[in-house]
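Engineer: Have a look at this one.
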Amino acid sequence: MKRSARGAGTEASSGLLLVSPPAIYALVLLAAPLATIILYSFFTDGYLEVIREFTLANYWETWVNPLYRTVMLRSLLVSVLVTAATVLLAFPVAYFVSFHVDPSRKSLWLFLITIPFWTSYLIRVFLWKVILGYNGVVNSGLLSLGIIDEPLTFLLYNTNSVVITLAHAYAPFAILPIFVALEKIDRSLLEAGQDLGETKFATFCRVTLPLAMPGVVASVLIVFIPTIGDYVTPQLVGGPEGRMVANLIQLQYLRLDNYPLGSAIAVSAMGIVAIISLIFLGLTRRYLRAPK
Amino acid sequence: MKGGWFKLYALAYLVFLYAPIVLLPMFAFNDATVIAFPLNGFTTKWFSEMWVAPGLWPALKNSMIIAISTAVIATALGIFAARASTRYKFPGKAGIMGLIMLPLVLPEIIVAVSLLVVLLGIGVPLSIFTVILGHVLMTTPFTIAILSSAFQSLDRSLEEAAYDLGETPVSAFRLVILPLVMPGIISSLLISFTISLDEFIIAFFLGGTQVTLPVYIFSQFRFPQSVPVIMALGTILVALSILLLSIAEYFRRRGIAKSGGKDTGGFL
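So the protein lines, in turn, are chains A and B. The working numbering numbers the first residue of the first sequence as 1118 and each following residue consecutively. The working numbering numbers the first residue of the second sequence as 225 and each following residue consecutively.
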């Protein structure tokens, strides 16, 4: 490849110069604030102000108090369920768009899939309340069909409703990375598999699936990490049994004004998510090595 | 027929995705204060009530100021980052880009509370301005994703030709590169505008007493009698965002076609 006359040194410095505005912005408004809440999580909440003395009491409270521990474990469970549901349901759709849709119409399909993701998240969550509620779509439908005699009450205000609503909200996020991975698969590999006498299903299991794994791993992480911090869904459809860690953080910060404890909960949640993500990456590492 | 079952499944999946959005206009035009089935008859009164709803117009004004500022600032930052990452090699590139892209996966509540602590700590009063700071942070990764695909498909020899014809790097950027990535820029402006208009958590934490449209909507959910008006408002908002996204998609595709790239689909 032809290089321009300017040397590598100036290339590095112009690159750094160019990237500096967004980098400084992220450093000041993201990295520094994150460091601050980590610091705060080791301080003590005093009356009206934060006492700057090192303590582990907030973490003790977060991990030992059954109230906080239950919510933390529930958030984790919800995230795992949502991730599993989203990725499993999304895979066939991504497979269909990548392998069976005419190339000229692929962008249209992707566009149709992503649109709901960008439109009024709050109102979509609220509509799930309408769908699953006592007089909701599901109940009135089942009643009019004569399948049930009185409205089902287990649909709303519990962990189930939170999982359903979140799985719906994050569905498009799961499809895109899998689709991108499937698009990269060399189609001649699949033909080779079948020429060598494999059935279609065996080819899928032994060729397509392993090659699609990087996309599946990306989907899992892109759904799992933000889900654990979702505030709106548990607040609107979760009821008292469906509260998640974000509701707890909001409570500590905006209602109880206990920043150190709120920070400890937030940092713990981030830590758990980071550790689980790293373990997951470690387990799937053999699929992630670049082919060739 | 190829993919028969898959097609059926994919269509069912689309129905699942669109189910709540389809319900929205049904309730917006339904003549009943209770949001439930069966429907009660057609009315447009919720739309006319929307015009006089207290607090809605100030919230809309705040949201517009925030969304327009966010779109402009985030796209400007996105241009720098996308240009730097697609054109140059520099030390620490992966780390720097990773930090800038981090808000894409970080739970929003974490971004919101950490900014809240710092802003209150250094004594910045909460206002529209602090919401803009947070929204720019959240939307910049999306603008980079869109703009990178525009810059990526750019033919390097066009730029070199401009240098050979005596242009400086700045004038070559303005005269050659900028027109070619313009569709990507428009797409990025529209997407960041849409995200900001719809964002709730950061506006809720950092807005102080200044309410945005989503914060207003959230507060109205507590009053059952005002929910039909919110359904009407939601119908308009959803229609508006679908329109904006369609325009954004049009420009994104045109941008990729213009700079000679291949469409790999999707905003991400």
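For glycine and all other residues, C-beta sits at the position ideal for the given N, C-alpha and C.
(1) May I have the straight-line CA-CA distance separating A:Thr1153 from A:Leu1378, to the nearest angstrom?
(2) Assuming B:Ile352 and B:Gln434 form a contact by the criterion Cβ under 8 Å, report the distance between their Cβ atoms to the nearest whole angstrom.
(3) At least one CB of chain A closer than 8 Å to the CB of B:Ser238: is that the case?
(4) Give me the Cα-Cα distance between A:Tyr1130 and B:Ala306, rounded to the nearest whole angstrom.
(5) Rounded to whole angstroms, what's the CA-CA distance from A:Ala1148 to A:Tyr1142? Just pull it up for me.
(6) Measuring straight from C-alpha to C-alpha, what distance separates B:Phe442 and A:Phe1208?
(7) Taking B:Met362 as the reference, which of B:Glu332, B:Val337, B:Pro349, B:Ala369 has the closest Cα?
(8) Answer yes or no: does any C-beta atom of chain B fall closer than 8 Å to that of A:Arg1241?
(9) Give me the Cβ distance between A:Tyr1238 and B:Phe424, rounded to the nearest whole Å; I'm assuming they're in contact under 8 Å.
(10) Apart from the five residues just before and just after B:Leu340, which ones in its own chain have a Cβ nearer than 7 Å to its Cβ?
(11) Could you pull the DSSP bridge partners for A:Val1242 from this structure?
(12) Short check: CB of A:Val1136 to CB of B:Phe304, under 8 Å?
(13) Taking buried to mean at least 16 other C-beta atoms within 10 Å of its own C-beta, is B:Pro327 buried or exposed?
(14) Could you check whether the Cβ of A:Gly1310 sits closer than 7 Å to any heavy atom belonging to the ligand PLP?
(15) B:Val320 touches chain A at which residues, Cβ-Cβ below 7 Å?
(16) Any idea what DSSP makes of A:Asn1277, helix, strand or coil?
(17) Are the C-beta atoms of B:Ala305 and some chain A residue less than 8 Å apart?
(18) Which chain B residues sit within Cβ distance under 7 Å of A:Leu1151?
(19) Could you pull out every unbroken alpha helix (DSSP H) segment of at least 4 residues lying fully inside the region 1139–1192 of chain A, listed in chain order?
(20) Does any residue of chain A have a CB that is nearer than 8 Å to the CB of B:Ala234?
(21) Could you tell me whether the region 1259–1271 of chain A touches the region 270–285 of chain B, where touching means 3 or more Cβ pairs closer than 8 Å?
(22) For A:Phe1213, which option in A:Ala1201, A:Leu1227, A:Thr1203 has the closest C-alpha, if you only look at C-alpha atoms?
(23) A:Asn1256 by DSSP, collapsed to three states: which one?
(24) In or out: B:Leu404 buried (at least 16 other Cβ within 10 Å) or exposed?
(25) By the three-class DSSP mapping on this structure, what secondary structure does A:Phe1271 have?
(26) What does a CB cutoff of less than 7 Å around B:Gln449 pick up in its chain, not counting 5 residues either side in sequence?
(27) What are the boundary residues of the alpha helix (DSSP H) that includes B:Tyr233?
(28) Closer than 8 Å by C-beta to A:Leu1194: which residues in its own chain qualify, once you throw out the five before and the five after it? Chain order, please.
(29) If A:Ser1380 and A:Tyr1176 are in contact, beta carbons under 8 Å, what's the gap, nearest whole angstrom?
(30) Between B:Val462 and chain A, is there a C-beta pair that is closer than 8 Å?
(31) Which residues mark the beginning and the end of the alpha helix (DSSP H) in which B:Asp388 is found?
(32) Less than 8 Å between the beta carbons of B:Leu421 and B:Ala291, yes or no?
(33) In three-state DSSP terms, what is B:Phe447?
(34) I need the straight-line Cα distance from B:Pro249 to A:Pro1139, nearest angstrom please.
(35) At the level of alpha carbons, what is the spacing between B:Leu241 and A:Ala1211?
(36) Are the beta-carbon atoms of A:Val1340 and A:Trp1245 separated by less than 8 Å?
Structural biologist: Quick look at the numbers:
(1) 13 Å
(2) 5 Å
(3) Per the sequence shown, the amino acid found at residue 238 of chain B is Leu instead of Ser. Chain A, which has a Cβ nearer than 8 Å to the Cβ of B:Leu238, makes this yes.
(4) Per the sequence shown, the amino acid found at residue 1130 of chain A is Ser instead of Tyr. Roughly 16 Å between the two C-alpha positions.
(5) 9 Å
(6) 33 Å
(7) B:Glu332
(8) yes
(9) 7 Å
(10) Phe429, Leu430
(11) In the DSSP output, where bridge partners are listed per residue, A:Val1242 has none listed.
(12) yes
(13) buried
(14) The model depicted lacks the ligand PLP and carries no ligand whatsoever.
(15) Note that residue 320 of chain B corresponds to Ile in the displayed sequence, not to Val. Result: Val1136, Ala1140.
(16) helix
(17) yes
(18) Ser338
(19) 1149–1157, 1174–1181
(20) yes
(21) no
(22) A:Leu1227
(23) helix
(24) buried
(25) coil
(26) Thr257
(27) 228–252
(28) Thr1276
(29) The pair is not a contact, with the Cβ atoms about 10 Å apart (cut-off 8 Å).
(30) yes
(31) 380–388
(32) yes
(33) coil
(34) 40 Å
(35) 14 Å
(36) no
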